[in-house]
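Student:
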Amino acid sequence: METQKLSFEDFKNIVVERLGCEPEQVTMDASFQEDLNADSLDLVELIYAFEENTGLEIPDEDAEKITTVGQAWEYIQEKASS
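See the structure below:
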């Protein structure tokens, strides 16, 4: 599958759609679990949505280290550029 760049707006929309949070809650510092009330299943679905929308494969070891919106955004940008 071809890797596609994701705009921050699209990235943010995925988070809002998957977690049912408000767009203004999705900040770079926001913790998925503490600030956006995501549980472990939500996080798995979110990672899957990122993979589907970017064509990237995010290994479980990497996914476990992603705890904030900023970390997820930076990871996706870095992987999409490599």
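Residue numbers (this note's numbering): 5 to 86. Positions of the beta carbon are idealized from the N, C-alpha and C atoms, including for glycine.
1) Look at the alpha carbon of T58 and the alpha carbon of L40, and state the distance between them as a whole number of angstroms.
2) Once you ignore the five residues that flank P27 on each side, which residues in its own chain have a CB closer than 7 Å to its CB?
3) Compute the Euclidean distance between the alpha carbons of D92 and P63, then round it to the nearest angstrom.
4) Pull up the DSSP beta-bridge partners for T72, would you.
5) Are the beta-carbon atoms of L60 and R22 separated by less than 8 Å?
Tutor: So, to answer that:
1) 22 Å
2) K16 and V20
3) Missing from the structure shown is residue 92; the chain here goes from 5 to 86 and no further.
4) S35
5) no
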